[in-house]
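Engineer: Below is the structure I would like to discuss, written out as structure tokens.
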Amino acid sequence: MTLPNPVIFVPGVTATDLRDLYALPPDKVWSLLVQNYDRVGLHPEDLRYEAQQPAQVRPDQIYEIAYREMVLDLRHDLSPAADQPVPVYLFGYDWRQPLEVTQARLKAFVAEVIEKTCLMRHYAADGYLQRRKINLIGHSMGGLVITGYLASEGAAAPVERVATLATPFKGSFEAVEKLILGTTNRREREAARLTPSLYYLIPSMTQGITIGPGLPQTDMFDPALWQRGVADTLAEALRLRSADPALAKDTQAAQTARAAKANQVLAELLAQARDHRKRIDSFDPAACGLQPQDWLCVIGTGDRTRIRLRIDDSPVGPTFDLTSPDTVSGDEVIMPPNWESGDGTVPLAGAQPNFAVTQKVVSRKDWGWLELKDKVLDAGAALHGILPNMNKVQDLLRNHLR
Numbered sequence: 035m036t037l038p039n040p041v042i043f044v045p046g047v048t049a050t051d052l053r054d055l056y057a058l059p060p061d062k063v064w065s066l067l068v069q070n071y072d073r074v075g076l077h078p079e080d081l082r083y084e085a086q087q088p089a090q091v092r093p094d095q096i097y098e099i100a101y102r103e104m105v106l107d108l109r110h111d112l113s114p115a116a117d118q119p120v121p122v123y124l125f126g127y128d129w130r131q132p133l134e135v136t137q138a139r140l141k142a143f144v145a146e147v148i149e150k151t152c153l154m155r156h157y158a159a160d161g162y163l164q165r166r167k168i169n170l171i172g173h174s175m176g177g178l179v180i181t182g183y184l185a186s187e188g189a190a191a192p193v194e195r196v197a198t199l200a201t202p203f204k205g206s207f208e209a210v211e212k213l214i215l216g217t218t219n220r221r222e223r224e225a226a227r228l229t230p231s232l233y234y235l236i237p238s239m240t241q242g243i244t245i246g247p248g249l250p251q252t253d254m255f256d257p258a259l260w261q262r263g264v265a266d267t268l269a270e271a272l273r274l275r276s277a278d279p280a281l282a283k284d285t286q287a288a289q290t291a292r293a294a295k296a297n298q299v300l301a302e303l304l305a306q307a308r309d310h311r312k313r314i315d316s317f318d319p320a321a322c323g324l325q326p327q328d329w330l331c332v333i334g335t336g337d338r339t340r341i342r343l344r345i346d347d348s349p350v351g352p353t354f355d356l357t358s359p360d361t362v363s364g365d366e367v368i369m370p371p372n373w374e375s376g377d378g379t380v381p382l383a384g385a386q387p388n389f390a391v392t393q394k395v396v397s398r399k400d401w402g403w404l405e406l407k408d409k410v411l412d413a414g415a416a417l418h419g420i421l422p423n424m425n426k427v428q429d430l431l432r433n434h435l436r
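Structure follows, in structure tokens:
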């Protein structure tokens with residue numbers, strides 16, 4: 035009998051707690067119940083570090099409410115016996131950082147998991163020391179991290195099977211909404227604009243994006259299409275946080291310098307996100323030895339989801355139209371689902387990769403009769419966030435990874 039490979043699960047954006055180790059005792063600055071935007075906000079002159087220094091913010095545990103049931107069930111169901119456990123590891127990460135940073139850390143963690151698995155007696159007896167492969171699951175942005183990692187590693191990636199759940203391969207309009215409006219408050223919006231990873235979620239699908247006349251007919255990674263308010267937030271962050279006295283002065287020259295630096299920062303954020311999207315769009319799993327049956331892609335549909343965005347020209351520059359009712363509800367979805375559908379966060383057009391996969395579509399109708407607790411959770415959340423809790427999804431994962 036060949037044991038299933040060890041599994042690494044990569045959660046979605048914001049789904050890893052963050053803890054500041056500089057404080058004694060360490061402070062939790064981000065979790066399901068704590069969102070300290072001032073403490074997690076990044077520095078405009080070096081986005082690797084926090085704006086408020088001194089600080090030492092590091093990833094902590096992942097959100098249990100979203101993933102605990104799935105992980106515990108996989109650990110149980112994949113293991114042939116209690117004394118032959120199949121490891122299912124959680125890869126918590128600093129979701130604020132560029133995805134390339136997270137991919138490099140995932141690469142190191144993959145190597146660590148393989149070495150640890152070689153130390154397990156039942157895996158050594160099963161020939162794992164020669165096999166040395168792992169399986170990967172990614173939810174939401176975690177799927178982009180996995181795909182980017184595989185694109186970088188190619189044939190050297192020791193990966194046998196992949197599953198991605200509600201992954202925005204071509205982005206989500208909700209990322210734009212978070213950057214422009216903030217989904218809860220202005221503090222969230224200001225922190226979001228200095229969070230590199232959110233720019234990796236900008237939509238690039240052809241459906242649903244309209245660029246008005248008078249504006250460059252390019253894509254949303256073009257800084258010339260962005261509202262001035264984003265760069266203004268970066269400029270104000272420079273005024274408040276820059277270590278360069280020349281940028282902190284209240285003079286016209288300093289204001290001009292801050293504006294130029296802010297535009298540069300925005301252009302760099304968009305450029306690195308565009309480069310990553312190009313790698314995702316051109317990725318071929320066959321380069322890693324993966325066939326379509328080796329990649330399970332689970333997509334959610336039937337939830338009210340933003341599916342359109344219009345960028346208009348105005349006297350003050352580009353303006354995003356986020357006030358019109360450009361959403362579609364579950365009642366309006368037809369089956370099979372068309373592009374005017376989604377999981378409450380990612381539109382269907384954004385969830386479909388360019389490469390061939392084994393695709394499965396799920397909706398709220400797929401809750402089982404006995405999933406009472408999950409149905410209660412479902413009533414107050416988008417399908418996107420709670421999709422890993424569905425028994426049907428867990429069944430798909432179990433069958434795919436065995």
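If you count by this note's numbering, then the sequence shown holds residues 35 to 436, one letter each, in order. Backbone N, C-alpha and C define an ideal beta-carbon position, used for all residues, glycine too. Remember, it's a predicted structure, so these values are computed and weren't measured experimentally.
1. What residues are listed by DSSP as bridge partners for I243?
2. Can you give me the start and stop residues for the alpha helix (DSSP H) that I148 sits inside?
3. When DSSP labels each residue in this structure, what does A416 get in the three-state scheme?
4. What three-state label does DSSP hand R82 in the structure shown?
5. Tell me the rounded alpha-carbon separation between V249 and R262.
6. With DSSP as the reference, label V44 as helix, strand or coil.
7. Ordered along the chain, which non-local residues of its own chain (more than five positions away) have a Cβ less than 6 Å from that of I243?
8. Which parts of the stretch 145-196 are runs of the alpha helix (DSSP H), unbroken and 4 residues or longer, counting only runs that do not cross its ends?
9. What is the DSSP secondary structure of D278, reduced to helix, strand or coil?
10. For L106, which three-state DSSP category applies?
11. Starting from the C-beta of A415, find all residues in its chain whose C-beta is less than 7 Å away, skip the five residues before and the five after it, and write them out in chain order.
12. Mapping DSSP to helix, strand and coil, what is Q442?
13. Thinking C-alpha only, which one of L228, H434, V179, A301 is nearest L272?
14. Can you confirm whether the stretch 283-294 touches the stretch 326-342 when touching is taken to mean that 3 or more C-beta pairs between the two stretches lie within less than 8 Å?
15. Assuming R340 contacts F207 (C-beta within less than 8 Å), just tell me the rounded distance between them.
16. I need the DSSP call for P38, collapsed to helix, strand or coil.
17. Please report how far the alpha carbon of G364 lies from the alpha carbon of S375, in whole angstroms.
18. So, helix, strand or coil for P230, using DSSP?
19. For D284, is the classification buried or exposed, using 16 other Cβ atoms within 10 angstroms of its Cβ as the cut-off for buried?
20. Could you name the residues of the same chain whose beta carbon sits closer than 6 Å to that of L235, not counting the 5 residues immediately before and after it, in chain order?
21. Could you check whether the stretch 90-103 touches the stretch 118-130, counting it as contact only if at least three pairs of C-beta atoms, one from each stretch, sit closer than 8 Å?
22. Under the three-state reduction of DSSP, which class applies to V395: helix, strand or coil?
23. Check this for me: beta carbons of L170 and V44, under 8 Å apart or not?
24. Starting from Y97, follow its DSSP beta bridges and name the residues at the other end.
25. Kindly identify the DSSP beta-bridge partner or partners of R53.
26. State the Cα-Cα distance for the pair R398 and L199, rounded to the nearest angstrom.
27. Kindly indicate which three-state DSSP category Q118 falls into: helix, strand or coil?
28. Going by DSSP in three states, G376 sits in which element: helix, strand or coil?
29. Would you list the one or two residues that DSSP bridges to L330?
30. Look at the Cβ atom of A269, then the Cβ atom of A296, and state whether they are nearer than 8 Å.
31. How about the stretch 144-154 and the stretch 108-123: do they share at least three Cβ pairs that are nearer than 8 Å?
32. Quick one: measure Cβ to Cβ for V41 and Y123, integer angstroms, because I've assumed they're closer than 8 Å.
33. With a threshold of 8 Å, are at least 3 pairs of Cβ atoms found where one atom belongs to the stretch 420-429 and the other to the stretch 95-102?
34. For D266, which option in L382, R313, I214 has the closest C-alpha, if you only look at C-alpha atoms?
35. Mapping the DSSP letters down to three states, classify F354 as helix, strand or coil.
36. Rounded to the nearest angstrom, what separates L140 and P247 at their Cα positions?
Structural biologist: From the atom records:
1. Answer by DSSP bridge pairing, in chain order: L343.
2. It spans 133-152 - the alpha helix (DSSP H) in which I148 sits, taken as one unbroken run.
3. If DSSP states are grouped into helix, strand and coil, A416 belongs with coil.
4. R82 carries a strand assignment under DSSP once its states are collapsed to helix, strand and coil.
5. Residue identity check: residue 249 is Leu in the sequence provided, not Val. For L249 and R262, the distance between alpha carbons rounds to 14 Å.
6. Here V44 sits in strand by DSSP.
7. If the five residues before and after I243 are omitted, its C-beta is found closer than 6 Å to the C-beta atoms of L343, all from its own chain and listed in chain order.
8. Within the stretch 145-196, the complete alpha helix (DSSP H) segments at least 4 residues long are 155-159, 162-165, 175-187, listed from N- to C-terminus.
9. Here D278 sits in coil by DSSP.
10. In the structure shown, L106 sits in a helix (DSSP, three-state: H, G or I).
11. Cβ within range, chain order: n/a, list empty.
12. Outside the modelled stretch of the chain, which goes from 35 to 436, sits residue 442, for which no answer is possible.
13. Nearest neighbour of L272 by Cα position, chosen from L228, H434, V179, A301, turns out to be L228.
14. No: fewer than three Cβ pairs fall under 8 Å.
15. Contact flag correct, Cβ pair sits at about 4 Å.
16. The answer is coil: DSSP assigns P38 none of H, G, I, E or B.
17. With a pLDDT of 48 at G364, under the threshold of 50, the modelled position of this residue cannot be trusted; read the value that follows with caution. Spanning the two alpha carbons is a distance of roughly 8 Å.
18. If DSSP states are grouped into helix, strand and coil, P230 belongs with the helices.
19. Flag for D284 reads exposed.
20. P202, G205, S206, A209, listed in sequence order.
21. Because the criterion of three Cβ pairs below 8 Å is met, the stretch 90-103 and the stretch 118-130 touch.
22. Collapsing the DSSP output to three states places V395 in a strand.
23. With contacts defined as CB atoms closer than 8 Å, L170 and V44 qualify as a contacting pair.
24. Paired residue(s): none; Y97 is not in a bridge.
25. Answer is K62, R92.
26. Cα to Cα, the separation comes out at about 15 Å.
27. In the structure shown, Q118 adopts extended strand secondary structure according to DSSP, grouped into three states.
28. Strand, per DSSP.
29. Bridge pairing for L330: A197, T392 [DSSP].
30. Yes, these two residues count as a Cβ contact at 8 Å.
31. Verdict: yes, contact present.
32. Between Y123 and V41 the Cβ distance is about 7 Å, and since that is below 8 Å, they are a contact.
33. Enough Cβ pairs lie closer than 8 Å, so yes.
34. Selected option, being the one with the closest Cα: I214.
35. In the three-state reduction of the DSSP assignment, F354 falls in the strand class.
36. Distance from the CA atom of L140 to the CA atom of P247, rounded to whole angstroms, is 43 Å.
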